[in-house]
Amino acid sequence: MLIVDHLTHIYEKNTAMAQTAIHDINLVIPEGQFIGLIGHTGSGKSTLIQHLNGLLKPTSGSVFFHGADIHDDDFDRKQLRSKVGLVFQYPEHQLFEVDVWSDVCFGPRNLGLDKLNVELRAYHALKQVGISDEHFYQSPFDLSGGEKRRVAIAGVLAMAPEVLILDEPTAGLDPGGRDEILGQIAALQAETGITVVLVSHSMDDIAKHVERIIVMRGGKIADDDVPTAIFMKFAELEEMGLGAPQMTYIMDALRLRGLAVDPAALTVTAAYNSIMKALGMENHHA
Amino acid sequence: MAMGCVVDIIKTKDLVYEYIRRDEEGNVEGITRAVDEVDVAVRPGEFIAIVGHNGSGKSTLAKHINAICYPTEGSVFVDGKDTADEKHLWEIRRMAGMVFQNPDNQIIGQVVEEDVGFGPENMGIPTAQIWERVDESLSAVGMTAHRKKSPNRLSGGQKQRVSIAGVLAMRPKCIILDEPTAMLDPSGRKEVIRAVRALNDVEKITIVLITHYMDEAIFADRIFVMDKGRIAMTGTPRQIFHRVEELKQLRLDVPYVTLLAHKLRKSGVIKSDTTVLSIEELLDSLDIALPVKHESVGKSVNC
Amino acid sequence: MLRNITLGQYYPVDSIIHRLDPRVKLVATLLFIISLFVGRYTGYIVATLFLLTVIKLSKVPLRFIVRGMKAIVFIMLFAVVFNLFLTPGEVAVSFWVLSITWEGIRLAAMLAIRLILLLMGSSVMTLTTTPGNLTDGLEKLMRPLRVIRIPVHEVAMMMSIALRFIPILMEETDKIMKAQIARGADFESGNLIKKAKSLVPLLVPLFISAFRRANDLAMAMEARCYQGGEHRTKMKPLIYRWQDGVAYLLVLAYFAACIVAGRLLF
C-alpha cells in the first residue's frame, strides 16, 4: 500500500525559475487496484509518479510504502524501486543491451539475485508481455516498435513489482499495438492482482480498463472517483483539455434528444443494449 | 482521365520500393518490399489521408513524394515532374513540403521565426521576401505571438505548427504530414489538425496526412488504406467506414459512433444505409420521435 | 546540476550593447582578453572601468553576472592558492611547511584579477548576444578562412545545431538516468571502474538517441531544400551600422589606453 501525505514538489527551489509541480497531494493507493491517472500535460502527473518510487525527493510531505517513510535514512530505496515498478514514456529508449534477454535481466541482476532467479524472472516477464522465444537473442533494436515497447516493459516486470506504474504506455503506437499492450497489462492485473497505475491521455483506453480515476489539475488532485462518476462531469474534463470517452458524448446526445439511455455506458455493446432497452426492443437481436 | 483535366499534383505509377535486409555480418538475409505496386493520383487541392498500421508502408510512400526515397520500380510524379530526375529535385522538395513525426527533430532554428525562415534561406530568396513569407506563414498557423521564442519552450502542438509554418514559407503546392500527431497529447492533436484543415480550406493547399488516428482521417476528401505495402482500400471516409469488418481485420480503429450505428443497422433499428460518421448523423438516422433539441447536441466526437 | 550555471546565458533585454553587430562584440572580446595579458596594474584599472561601463550600458544587472561567476569560484580559488604558496621568492609570511612569498602574493592577485575580468568580459558578450547571432558573427568573421579550405559555413551550422540540441539532450540524459535507476541501476557507489561500467546503460541509449535525432534532422533539413552554404540567403544578414563603427573605434581607443596605462608604472 502506498500513501502520499501532503506531498509538495518545487523544481529549482530558491531560484528565479522555481516552479511548483505538485502541491499538497494526499493519496492512498491500496493493493490490487487498477487506477487511471489523467491530467493535461504539465498538471503534475509525471512528478507525482516519480515520487511514488522515490526518484524525486519531496520539497515537503512524505510518501509511505507499507507504512514506512521512503525517505527515512535506513529505508532501502533500491528495494522500493523493485517493488514499485515505473515504466517511463517511450520506455524503448532505455534499451541498451546486445540482446533482448540481457536487457530484461538488467533489472533483476541489479537486485543482487542469483543467476537462476534472474533468468527465471526475465523469462517470466518476457512471457507476460508475449515475446516469443525466437526474439530472446535478437538485438532489441531489430524489433518492431510495439515489440521494443513490450521488451522494455518486461524489463520493469522482471523486477517483480507489487505496483506497476505506466506513463503513456501506448504513446505513438498504432491501434493494434496499443490494444495488445493494454490487453496484456489488463490480463496481468487480473491474473496476479498487481496494483496498476495507468497514466494516459486516451479516455477510451482509461474507460476500458480502470476501476478508479484520479484527475490532476495544476499540481493538485481535482477529482478522484470511479470512472462513471468522473466521466459524467465531462464538461469539466473538457475545460481541463481532457474530454471524455467517445461513448459518453453519444449517450449524452441521445439523452438530450429524449431517449432514456444509460449515461454510464462506455462500450459499444453496453450502449447498444441500452439503446435497445430504451426503444423497447430488448429481445430484438441482430 | 479526360484530356484537358488539371494535372495530378501527385501521381505514382506501379511504384515499388524494396530494401535489402542484412544480418549482423552484413550478409543479405532477404528483400523487403515496403511499397508494392502502388498506383495513386491526387488532384490539386485534395485532402488525402493515408491510414494503415505500423509497417504498412505508408511512411515510405510519403517519403517518395518528397524525393527522400526513390522508386525501385515504377515512378512518382509531383506536378508532372519525375522525382527520379535529379534536375527536378529541389523544385520537388519545395513544391511538396514535408512535416515529420517528432516535433523536436525537425526544428533547426534557435528562435521560432528563424526556423520558419530556414527553407526560404536555402532557396536563396531575398531577405525582404523571407520576412514577408515568415510573417504570412506564422500567422497562417497562429504562431505569430510566439515568433521570438526558443522552440524548446513550446508545447508539442506548437512545435508541430512551427514545422508546418516552416514548410509553408517555401510556398509549397502540397504538404505531406507523416504522423504529425503521433507524439502529441489530445489538445496538441486538435491544434495541428485544425491548422492542417485550415490550410486546405483557405489556402487550397493539397494535403496528404498520414495517421493512424481514424478520427483525423474523417476530415479527408479521400482515404487510402494501406496494408503490406499495397493500397487495400480507397474511397471517401463514408465509403471506407462503411466497411467496418475489413477495417477491423486491418487492425484499424473505427469511431464508436460508426460502430454503434453499424450494430443498430444490423438489427434493423437504423433503416438508412448511409454510414454514420458523427453524433448528429446518428441522431438523424435513429430518427427519434422527440422534437426537443438541446444546444449541445451539435457536439461531435471528433476535433 | 548543469542547468544552474547562468554563466553566459543570453539575457533578453534591449540595450545598445545588445543591438551591436556580433562581429563587433567578438572582436572587442578578443581585444579585451589580449589587453588583460599585455597591460598590467594601471591597465587593470582601465580594463575594470571599461568593463563596468559596458555592463552599465548593457542593462544586464551586475548582480546577475556576479552570481553567474559562483560556478567557477572553486577553480579560481584553486589557481590563486596554488600561486600563493608555490611561487618561489622573498618570504612574506611563513607557518609550518608553507610559506607565502611577496612574488606569490603579486602573482596570485594578478591571476585573480585577470580571471575575474576575463570571465566577466566574455560573459558580457554571451549575455548580450543570442547564440544564433554569435554563430552568424563567427561565420562571417571566419569567412576568409575558406580560402584555406576550412568549411566555415558547415562549422557554424554545426555549432548552431549543437546549441539547439544541448537542452534536449540534457533533458534526455536525465530521463534515461531515472529510467535506469528505476530498474535498479546505481550511478553513485563503487570504485572508478565500477562507476565507469555503470555508465554503459546511460551512454548507449543516449548515443542511439542522438544518432536517431541526427538522422531525423538531416532528413528534415534536406526536405527543406538545405544544400550547404552555397546560394543561401540570410533572413537576418549582418550589416554594419554607424554605431558599430563607433564601437570599433571606442574599443581600439580602450586597447591603446590599456596598454599605455600598463606601462606607466614600470
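Just so you know, the protein sequences line up as chains A, B and C, in that order.
Residue 967 in the working numbering sits at position 147 of the first sequence, with consecutive numbering throughout.
Residue 256 in the working numbering sits at position 250 of the second sequence, with consecutive numbering throughout.
Residue 269 in the working numbering sits at position 15 of the third sequence, with consecutive numbering throughout.
Even for Gly, the Cβ is constructed at its ideal location relative to N, Cα and C.
Treat the numbers as computed from the prediction; the structure is a model and nothing was measured.
Same chain, Cβ closer than 6 Å to residue i, neighbours up to 5 away in sequence not counted
i         : result
Gly297(C) : Cys512, Ala515 and Gly516
His272(C) : Thr382
Arg901(A) : Asn873
Gln839(A) : Tyr831
Ser882(A) : Asp825 and Asp889
Partners in chain C for residue i, counting only beta-carbon separations shorter than 8 Å
i         : result
Gln914(A) : Ile430, Ala433, Gln434, Arg437, Pro455 and Pro459
Gln116(B) : Thr384, Pro385, Gly386, Ser414, Leu417 and Arg418
Ile74(B)  : Met473, Glu476 and Ala477
Val976(A) : Ala436 and Arg437
Cα-Cα separation between residue i and residue j, rounded to whole angstroms
i          : j          : result
Val231(B)  : Val48(B)   : 14 Å
Pro157(B)  : Ser193(B)  : 18 Å
Val1016(A) : Leu1057(A) : 22 Å
Thr244(C)  : Arg159(B)  : It is not possible to answer for residue 244(C), since the shown part of chain C is limited to 255 through 520.
Arg277(C)  : Val327(C)  : 29 Å
Tyr76(B)   : Thr281(B)  : 38 Å
Leu936(A)  : Glu832(A)  : 44 Å
Leu305(C)  : Met149(B)  : 39 Å
Pro455(C)  : Asn834(A)  : 32 Å
Asp279(B)  : Ser1094(A) : 22 Å
Gln6(B)    : Lys234(B)  : Residue 6(B) is absent from the model: chain B starts at 7 and stops at 309.
Tyr295(C)  : Ile287(C)  : 15 Å
Leu270(B)  : Phe247(B)  : 15 Å
Leu518(C)  : Trp496(C)  : 33 Å
Thr341(C)  : His871(A)  : 52 Å
Ser292(C)  : Phe339(C)  : Checking the sequence shown, residue 292(C) turns out to be Val, not Ser. Approximately 25 Å, taken between the alpha carbons.
Met1096(A) : Val198(B)  : 38 Å
Gly932(A)  : Leu875(A)  : 20 Å
Gly862(A)  : Pro878(A)  : 18 Å
Ile71(B)   : Pro186(B)  : 16 Å
His829(A)  : Glu1011(A) : 35 Å
Glu425(C)  : Tyr23(B)   : 37 Å
Ala8(B)    : Lys254(B)  : Here Ala8(B) scores only 45 on pLDDT, less than 50, and its place in the model is too uncertain to base an answer on.
Leu399(C)  : Val406(C)  : 7 Å
Proximal residues to residue i (C-beta, below 7 Å), its chain only, five neighbours per side dropped
i         : result
Gly343(C) : Thr355, Trp356, Glu357 and Gly358
Ala175(B) : Val122, Gly123, Gly125, Pro126, Arg139, Val140 and Ser143
Met431(C) : Phe441 and Leu456
Gln434(C) : Pro455 and Leu456
Ala73(B)  : Thr89, Leu95, Ile98 and Arg99
Amino acids of chain B, ordered along the chain, whose beta-carbon sits closer than 7 Å to that of residue i
i         : result
Tyr494(C) : The contacting residues do not exist; Tyr494(C) stays about 15 Å from chain B at best.
Met475(C) : Ile114
Identity of the residue in the options nearest residue i by Cα
i          : options                                       : result
Leu395(C)  : Leu506(C), Val281(C) and Cys479(C)            : Val281(C)
Phe884(A)  : Val983(A), Gly1100(A) and Val824(A)           : Val824(A)
Arg99(B)   : Ser443(C), Asp498(C), Ala477(C) and Pro491(C) : Ala477(C)
Leu311(C)  : Met473(C), Phe349(C) and Ser269(C)            : Ser269(C)
Lys196(B)  : Lys210(B), Gln166(B) and Asp207(B)            : Gln166(B)
Lys1040(A) : Gln914(A), Gln1009(A) and Lys865(A)           : Lys865(A)
Leu183(B)  : Val41(B), Val173(B) and Asp191(B)             : Val173(B)
Glu209(B)  : Lys272(B), Pro50(B) and Arg39(B)              : Pro50(B)
Val917(A)  : His485(C), Ser452(C) and Asp498(C)            : What sits at residue 917(A) in the sequence shown is Glu, not Val. Closest option to Glu917(A), Cα to Cα, is Ser452(C).
Ala1085(A) : Ala1055(A), Gly1078(A) and Ala1049(A)         : Ala1049(A)
Ser415(C)  : Ala325(C), Gly386(C) and Ala510(C)            : Reading the sequence as shown, one finds Ile at residue 415(C) and not Ser. Looking at the Cα atoms, Gly386(C) is the closest of the given residues.
Glu119(B)  : Asp110(B), Val168(B), Gly163(B) and Ser291(B) : Val168(B)
Interface partners of residue i on chain A, CB under 8 Å
i         : result
Val263(B) : Gln1066 and Ile1070
Asp14(B)  : Near Asp14(B) there are no residues of chain A at all, since even the closest Cβ is about 29 Å away, more than 8 Å.
Contact set between residue i and chain B, taken where Cβ atoms lie within less than 8 Å
i         : result
Leu471(C) : Asn111, Gln112 and Ile114
Cys479(C) : Trp96, Arg99, Arg100, Gly125, Asn128, Met129 and Met176
Where residue i meets chain A, residues with beta-carbon distance less than 7 Å
i         : result
Ser463(C) : His913
Own chain, CB closer than 8 Å to residue i, minus 5 neighbours either side, in chain order
i         : result
Ile951(A) : Val920, Glu967, Arg970, Val971 and Ala974
Asn108(B) : Met189
Chain-ordered neighbours of residue i on chain A, where CB pairs are closer than 9 Å
i         : result
Ser161(B) : Thr861 and Gly862
Residue i: contacting residues in chain C (beta-carbon distance under 7 Å)
i          : result
Arg1037(A) : In chain order: nothing, as chain C lies at least about 24 Å away.
Leu906(A)  : Ala436
Contacts of residue i in chain C (Cβ-Cβ under 9 Å)
i         : result
Phe926(A) : Gln434, Arg437, Gly438, Ala439 and Pro455
### Query
Per the contact definition of three or more C-beta pairs closer than 8 Å, is the region 312-321 of chain C in contact with the region 365-372 of chain C?
no
### Query
Is it true that the region 947-966 of chain A meets the region 221-231 of chain B, where meeting means three or more beta-carbon pairs spaced less than 8 Å apart?
no
### Message
Can you confirm whether the region 1062-1082 of chain A touches the region 1014-1030 of chain A when touching is taken to mean that 3 or more C-beta pairs between the two stretches lie within less than 8 Å?
### Response
yes
### Task
Give a yes or no on contact between the region 75-95 of chain B and the region 456-476 of chain C, applying the rule of three or more CB pairs nearer than 8 Å.
no
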